[in-house]
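Residue numbers (the UniProt record's numbering): 1 to 241.
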Ligand code: OAD
């Protein structure tokens, strides 16, 4: 069995990382157009760096939770049975990796990497970035940016993601509001291909009506339950016959 899992900020919420659109969420407190666009970085680089340095510190201090751990178990368990997990995340944190997931596709980039706007080189970078940070590849200062996807930029790995989605036996969306495309369109694409779809979320998302089955509850409870169901080889209500 091949399972395509899409995760969003909700899976990291119980690790203490804020979501974007829930009450008190990041985009309710901060204007993304001033902090998460290439234009904002060109205009106010210090402000953008300060915002991402704060988020990076938050990620460093956070620990993976039971939902991240369950998906790492699912990856190993499916592989042992000749199947595969394709784990696609919109999250820029590294909690899936720290929980033990080996193959994680970060479609919105990674906060713990920095990219040079001059030469394009990307490298791991868990420390604060600033205008004085030099690119280790070309030496230029001032152009290092968080290696994340900003509004107006193209998400990453879309071809591999599309291929994996089309080949899946089950599509599962975990902790995502269904507000941001192209990820919000994956459920419709899966449906069109006849692939069963399941939503795991605290509450119905914007695209809830498109899912065949749903489990509404905190990710730390619902994701381990889902993984136990799959690996226990019990009845899976959303899987292909
Ligand atoms: P949102 O903040 O839009 O949605 C978070 C979702 O998580 C909501 O549907 C909540 O109901 C759910 N949620 C909250 N706590 C939960 C919990 N404990 N267990 C399960 N679910 C929970 O976050 P995303 O959908 O990830 O993009 O946002 C998508 C993209 O919008 C982000 O990747 C980011 C943002 O702009 C970029 O930065 C490019």
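Where a beta carbon is used, it is the ideal one built from N, C-alpha and C, also for glycine.
Inter-residue spacing [alpha-carbon to alpha-carbon] between residue i and residue j
{"i": "residue 224", "j": "residue 175", "result": "14 Å"}
{"i": "residue 231", "j": "residue 36", "result": "39 Å"}
{"i": "residue 272", "j": "residue 156", "result": "Any question about residue 272 goes unanswered here, given that the chain covers just 1 to 241."}
{"i": "residue 115", "j": "residue 149", "result": "11 Å"}
{"i": "residue 100", "j": "residue 28", "result": "32 Å"}
{"i": "residue 144", "j": "residue 181", "result": "26 Å"}
{"i": "residue 133", "j": "residue 13", "result": "30 Å"}
{"i": "residue 1", "j": "residue 82", "result": "8 Å"}
{"i": "residue 32", "j": "residue 151", "result": "8 Å"}
{"i": "residue 107", "j": "residue 226", "result": "23 Å"}
Close Cβ partners of residue i (< 7 Å) along its chain, the five nearest in sequence each way excluded
{"i": "residue 15", "result": "62, 63, 64, 65, 95"}
Proximal residues to residue i (C-beta, below 6 Å), its chain only, five neighbours per side dropped
{"i": "residue 26", "result": "18, 20"}
{"i": "residue 51", "result": "35"}
Local Cβ density within 10 Å of residue i, reported as buried at 16 or more and exposed below that
{"i": "residue 186", "result": "buried"}
{"i": "residue 138", "result": "exposed"}
{"i": "residue 112", "result": "buried"}
{"i": "residue 54", "result": "exposed"}
{"i": "residue 30", "result": "exposed"}
{"i": "residue 109", "result": "buried"}
{"i": "residue 146", "result": "buried"}
{"i": "residue 80", "result": "exposed"}
{"i": "residue 70", "result": "buried"}
{"i": "residue 6", "result": "buried"}
{"i": "residue 4", "result": "buried"}
{"i": "residue 8", "result": "buried"}
Contact set for residue i: own chain, Cβ-Cβ below 8 Å, skip 5 residues either direction
{"i": "residue 24", "result": "18"}
{"i": "residue 136", "result": "121, 123"}
{"i": "residue 206", "result": "177, 178, 179, 184"}
For residue i, the three-state DSSP class (helix, strand or coil)
{"i": "residue 226", "result": "helix"}
{"i": "residue 99", "result": "helix"}
{"i": "residue 104", "result": "strand"}
{"i": "residue 53", "result": "helix"}
Near the ligand FAD: residue i beta-carbon under 7 Å from a heavy atom
{"i": "residue 66", "result": "Inclusion of the ligand FAD in the displayed structure is not the case, the ligand content consisting of the ligand OAD alone."}
Worksheet item: If you pair each beta-carbon of the stretch 154–167 with each one of the stretch 129–139, do three or more pairs fall below 8 Å?
Response: Counting Cβ pairs under 8 Å, fewer than three are found: no touch.
Practice prompt. For the stretch 70–88 and the stretch 37–49, state whether three or more C-beta atom pairs, one from each stretch, are separated by less than 8 Å.
Written response: no
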